[in-house]
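Numbering (this note's numbering), first residue to last: 243 to 316. From the three backbone atoms N, C-alpha and C, an ideal C-beta is built for every residue, glycine too. The next block holds one structure in the form of structure tokens; read it before the comments.
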């Protein structure tokens with residue numbers, strides 16, 4: 243099952259962290275539609291054990307050896 247954590251509420255908007263284990267097509271948007279909760283923006287912060295960290299928009303970083311090994315094992 244998915245996990246959801248409410249991070250912040252500010253007027254009309256709320257910020258949530260949603261953890262899913264199988265990313266199907268538009269799954270988070272569909273989950274939110276099902277409970278009539280509109281989605282303004284989404285930001286993926288990790289794929290498996292590979293995390294985005296503090297990477298800025300449009301920037302990139304090289305994968306670590308550990309991340310490469312993890313992805314090879316998938």
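- Message: Using 8 Å for Cβ pairs, my map puts residue 249 next to residue 270. What's the rounded Cβ distance?
- Response: Rounded, the Cβ-Cβ distance is 15 Å, inconsistent with contact.
- Task: With a cut-off of 8 Å on the beta carbons, I'd call residue 290 and residue 312 a contact; round off their distance for me.
- Result: 7 Å
- Report the three-state DSSP secondary structure of residue 276 (helix, strand or coil). helix
- DSSP three-state call for residue 249: helix, strand or coil? strand
- Distance between beta carbons of residue 292 and residue 309, contact taken as under 8 Å: 5 Å
- Item | Endpoints, alpha helix (DSSP H) assigned at residue 206 | The structure shown has nothing for residue 206, since the chain only spans 243 to 316.
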